[in-house]
Amino acid sequence: RRANWGELSGFIHLLTGAEKTRGGLARRERTGDPGAGPDSPWPTSGAAAEVRALLWTHRRRLSLGLALMVVNRLSALVLPATTKWLMDDVIGMGRWDLLPTLALVAAGATLVDAATAFSLSQVLGVAAQRAIADMRTEVAAHVLRLPVRYFDSTKTGVLISRIMNDAEGVRTLVGTGLVQLTGSILTAALALGVLVYLNWRLTAATMLVIGAFGVGMTLAFKRLRPLFRERGHIAAEVTGRLAETLAGIRVVKAYTAESREHLLFARGAHRLFRNVARTLTGTSAVTAASTVVLGVVAVLMMLVGGASIRQGTMTLGEFVMYLSFTALMTLPVVQLASLSTQLSEACAGLDRIREIRRMAAEDEGDASRDPLPDVRGDVELQDVSFEYVPGTPVLTHVSLEAAAGSTTALVGPSGSGKSTLIGLVMAFHRPRSGRVLVDGRDLATVRLRDFRRHLGVVLQENFLFDGTIAENIAYGKPRATREAILDVARLAHCDEFVATFPEGYDTVVGERG
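Be aware that the sequence shown starts at 494, since it is given in the numbering used here, and climbs by one per residue.
(1) What are the boundary residues of the alpha helix (DSSP H) that Val792 is part of?
(2) Flag this pair as yes or no: are the beta carbons of Ser777 and Pro573 separated by less than 7 Å?
(3) Judging by CA-CA distance, which residue of Arg588, Ser568, Arg664 is the nearest neighbour of Ser614?
(4) Considering only residues of the same chain and omitting the five flanking positions on each side of Pro825, which have a CB-CB separation below 6 Å?
(5) Alpha carbon to alpha carbon, how far is Ser878 from Arg724? Give it in angstroms, no decimals.
(6) DSSP on Ala895, reduced to helix/strand/coil?
(7) Are at least three pairs of beta-carbons, each pair with one atom in the region 940-957 and one in the region 858-868, less than 8 Å apart?
(8) For Asp959, which option in Val708, Thr1000, Phe990, Gly969 has the closest C-alpha, if you only look at C-alpha atoms?
(9) With DSSP collapsed to three states, give me the class of Ser672.
(10) Would DSSP call Asp935 helix, strand or coil?
(11) Short check: CB of Val598 to CB of Ser568, under 7 Å?
(12) Take Ala476 as the anchor and find which of Leu561, Met580, Gly650 has the nearest alpha-carbon.
(13) Of the choices Val786, Val792, Lys648, whose alpha-carbon is the least far from that of Leu740?
(14) Applying the 10 Å Cβ sphere with the 16-neighbour rule, what's the burial state of Trp578?
(15) How far does the beta strand (DSSP E) with Leu878 in it reach, from first residue to last?
(16) Looking at the structure shown, is Gly905 part of a helix, part of a strand, or coil, going by DSSP?
(17) Can you give me the Cβ contacts of Trp589 inside the same chain, cut-off strictly under 7 Å, excluding the 5 residues immediately before and after it?
(18) Whole angstroms are fine: how far does the CA of Thr772 sit from the CA of Tyr998?
(19) Check this for me: beta carbons of Val951 and Ile966, under 7 Å apart or not?
(20) Are the beta-carbon atoms belonging to Gly722 and Ala633 less than 7 Å from one another?
(21) Beta-carbon of Asp856 versus every beta-carbon of chain B: anything under 7 Å?
(22) For the region 904-913 and the region 923-942, state whether three or more C-beta atom pairs, one from each stretch, are separated by less than 8 Å.
(23) With 16 other CB atoms within 10 Å as the buried threshold, where does Phe766 fall?
(24) Using CA atoms only, rank isn't needed, just tell me which of Pro924, Leu688, Leu701 is closest to Val882.
(25) Looking at the strands, I want to know which residues DSSP matches up with Asp863.
(26) As a quick exercise: from Ala820, Gly798, Leu821, pick the residue whose alpha carbon is nearest that of Gly810.
(27) Is Leu888 helix, strand or coil when you go by DSSP?
(28) Please list the terminal residues of the continuous alpha helix (DSSP H) segment that includes Asp606.
(29) So, for Asn1018: in the same chain, excluding its five sequence neighbours on each side, which residues have a beta-carbon less than 7 Å away from its beta-carbon?
(30) DSSP on Leu930, reduced to helix/strand/coil?
(31) Return the CA-CA distance between Leu637 and Leu888, expressed in angstroms with no decimal places.
(32) Can you check DSSP and say which residues form a bridge with Thr961?
(33) Indicate the three-state DSSP secondary structure (helix, strand or coil) for Val571 in the structure shown.
(34) Taking Ile962 as the reference, which of Val939, Gln953, Thr993 has the closest Cα?
(35) Mind the definition here: the region 704-712 touches the region 774-789 only if three or more C-beta pairs lie below 8 Å; say whether that holds.
Printed below as a string of structure tokens:
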């Protein structure tokens, strides 16, 4: 049956040029998002669903990481807690017999701290890399199933950036980011409890300052998240233009357009630089503000703590312990500034990935369509009209028949719709009106993958994949025997040409042959 469609390849092979009047595509419809808007510092509802699914997939390693984080943060509290007894009992009261015990406790806590920190980094590092690989694999699989019209309107470099770069944000979510955030909140909560116990008045004043900083940080990252989204789009555009330039390097050199292409790339690179500079300014401002907060807290402790010691309501050991636990509480707040930056950037990447994953695959709904186990090869177009952009027709009321076993040639100037017609026959496009029939069956009612298994196609622009000549010949049927490959090569009159290579059909070729 493939032989009939092999003859139909003449239908395609004799084309004299693809139409140049497509002019773009209809804008893709996007469903509304009831969650937070793009200016929100937190994930949109759709992105939040992606995050939840991601965390659930890697829940075992994340649970282990969270347990290690709890032990790590609890052990980190031991050393500052011992300062009270060191100052008040050992030094103040001369209880030197307690010193070995305190030293042993501090040493043990330090070892536990180091061991859990190492294990945490190993567990989360592996989980993050696995999540990145899974995300890239899923996105790539979905991209390959998108309609041809999407690839007609999207640069290759942009897609590569989406698959490779945007998935990197998963490292922050599954890796250290969310677990560190949880650990920071836990540490701050434990330290806050101790601080309230030691001096609730001083703690209340400190929390007012830190609370004001938290509000300011939220507002700052509300402004920064759109910049992170824009950065991803700019990077994708620059990558796409560079990939396009390298793919057409012969045309660039033939028209001495190197300087022009360099200028275009430089402009994109500078746009990216300006975006990065703006985000760095914002994050630096947040970091500077956190330093000011620490300074204000230190001044408060000096004034209120000193007065408490003078009045006898706080011992020197308690004050030193208070200082240590204040550092434990405020340090996570400072870390939140950095983590918020990473999480905002990661969520922006997830938003861009979600835009792709929300697009309908071309074979969506195939399960409900009719199977197509075999074909003869009769092709018929019944009153077919088609347009890439609404209101700009490319084909209007076209009807034709191509019988199985025959050769049909389409001849016409560029832009007359020859390639579009072939795209309709191969189900790359759906007609706006009319029907495309194969063996009397409407292509809109049959399973797309079943139909395409019967196609034999020679396109205007041949493409070779990285591999041997034999592998390229057998691309449409990977399990083809060596004899079948040789038979096809002889039918295509390339056997003598291949024989001139020392390795014959095992000669490795690439994109340009």
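We put the beta carbon where it would ideally sit given N, CA and C, even for glycine. These numbers come from a predicted model, not from an experiment.
With the given structure in hand:
(1) Per DSSP, Val792 is one residue of the alpha helix (DSSP H) stretching across 751-793.
(2) No, these two residues do not count as a Cβ contact at 7 Å.
(3) Answer by Cα proximity: Arg664.
(4) Cβ within range, chain order: Ser677, Thr680, Ala681.
(5) Going from the Cα of Arg724 to the Cα of Ser878 covers about 40 Å.
(6) Assignment of Ala895 by DSSP, reduced to helix, strand and coil, places it in the strand class.
(7) Inter-segment contact for the region 940-957 and the region 858-868 is present: three or more beta-carbon pairs are separated by less than 8 Å.
(8) Taking only the C-alpha atoms, the option nearest Asp959 is Thr1000.
(9) In the sequence as presented, Ser is not what sits at residue 672; that position holds Val. If DSSP states are grouped into helix, strand and coil, Val672 belongs with the helices.
(10) DSSP places Asp935 within a strand segment (E or B) once states are collapsed to three.
(11) No, they are not a contact pair.
(12) Only positions 494 to 1006 of the chain appear in this structure, which leaves residue 476 out of reach.
(13) Correcting the residue identity first, residue 740 is Ala in this sequence and not Leu. Of the listed residues, the one whose Cα sits closest to Ala740 is Lys648.
(14) Its Cβ being crowded by 16 or more others within 10 Å, Trp578 is buried.
(15) Note on identity: in this sequence residue 878 is Ser, with Leu being the wrong assignment. For Ser878, the enclosing beta strand (DSSP E) starts and ends at 872-882.
(16) Coil.
(17) Shown here for Trp589: same chain residues with a beta carbon closer than 7 Å to its own, the five before and five after excluded, namely Val583 in chain order.
(18) Each residue's alpha carbon lies about 54 Å from the other.
(19) Inclusion of Val951 and Ile966 in the CB contact set at 7 Å is not warranted, their separation being larger than that value.
(20) Reading off the sequence shown, one finds Arg at residue 722, where the question assumed Gly. For Arg722 and Ala633, no; Cβs fall outside 7 Å.
(21) Although the question refers to chain B, the structure presented lacks it and comprises just one protein chain.
(22) When C-beta atoms of the region 904-913 are compared with those of the region 923-942, fewer than three pairs fall below 8 Å, so the two segments do not count as touching.
(23) By the Cβ neighbour-count rule, Phe766 is exposed, with fewer than 16 other Cβ atoms within 10 Å of its own.
(24) Ranking the options by Cα distance to Val882, first place goes to Pro924.
(25) Beta-bridge pairing links Asp863 to Val939.
(26) The shortest Cα separation from Gly810 among Ala820, Gly798, Leu821 belongs to Gly798.
(27) If DSSP states are grouped into helix, strand and coil, Leu888 belongs with the strands.
(28) Asp606 -> alpha helix (DSSP H) spans 592-637.
(29) The structure shown does not extend to residue 1018, since the chain spans only 494 to 1006, so no value can be given for it.
(30) In this structure, Leu930 counts as strand in the three-state DSSP scheme.
(31) Going from the Cα of Leu637 to the Cα of Leu888 covers about 27 Å.
(32) Paired residues: Val1001.
(33) In the three-state reduction of the DSSP assignment, Val571 falls in the helix class.
(34) Out of Val939, Gln953, Thr993, Thr993 has the C-alpha closest to the C-alpha of Ile962.
(35) Put simply, the region 704-712 touches the region 774-789. At least three CB pairs are less than 8 Å apart.
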